[in-house]
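Position in the sequence shown counted from 1, then plus 851, gives you my numbering. Every residue gets a Cβ at the ideal spot worked out from N, C-alpha and C, and that includes glycine.
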Amino acid sequence: MKFVLSSEMKEEVLMGVDAGGNTVKLTKQLDPREALGRVLHDSGLDVVRTVLDHMPSDRLLPPGA
852 MKFVLSSEMK EEVLMGVDAG GNTVKLTKQL DPREALGRVL HDSGLDVVRT VLDHMPSDRL
912 LPPGA
């Protein structure tokens with residue numbers, strides 16, 4: 852939600868030159884993989900990663916899994 856509200860999930864604006872030599876502005880939409888990557892690699896999740904890294908592996912899976 853933070854990414855949507857802060858506009859971090861906006862499309863990228865790229866400048867280019869067409870075949871006629873004219874400058875054109877292109878927009879590149881984020882694909883779902885890029886969007887998920889940005890969310891998962893956000894520093895706001897560092898605390899969660901630290902807790903999970905220090906948790907015993909038998910507590911990560913439900914009993915009987």
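Do you know how far the Cα of G871 is from the Cα of V899? Within the sequence shown, numbered from 1, the residue matching residue 899 stands at position 48. Within the sequence shown, numbered from 1, the residue matching residue 871 stands at position 20. Straight-line Cα distance between these residues: approximately 51 angstroms.
Specify the secondary structure class of L881 as computed by DSSP and reduced to three states. The residue labelled residue 881 in the question sits at position 30 within the sequence shown. In this structure, L881 counts as coil in the three-state DSSP scheme.
What is the DSSP secondary structure of G867, reduced to helix, strand or coil? Within the sequence shown, the letter at position 16 stands for residue 867. G867: strand per DSSP, three-state reduction.
Quick check on L856: does DSSP put it in helix, strand or coil? One-based indexing of the sequence shown puts residue 856 at position 5. Here L856 scores only 49 on pLDDT, less than 50, and its place in the model should not be relied on; the value that follows carries that caveat. Helix, per DSSP.
Quick one: what's T874 bridged to in DSSP? If you number the sequence shown from 1, residue 874 lands on position 23. Beta-bridge pairing links T874 to V868.
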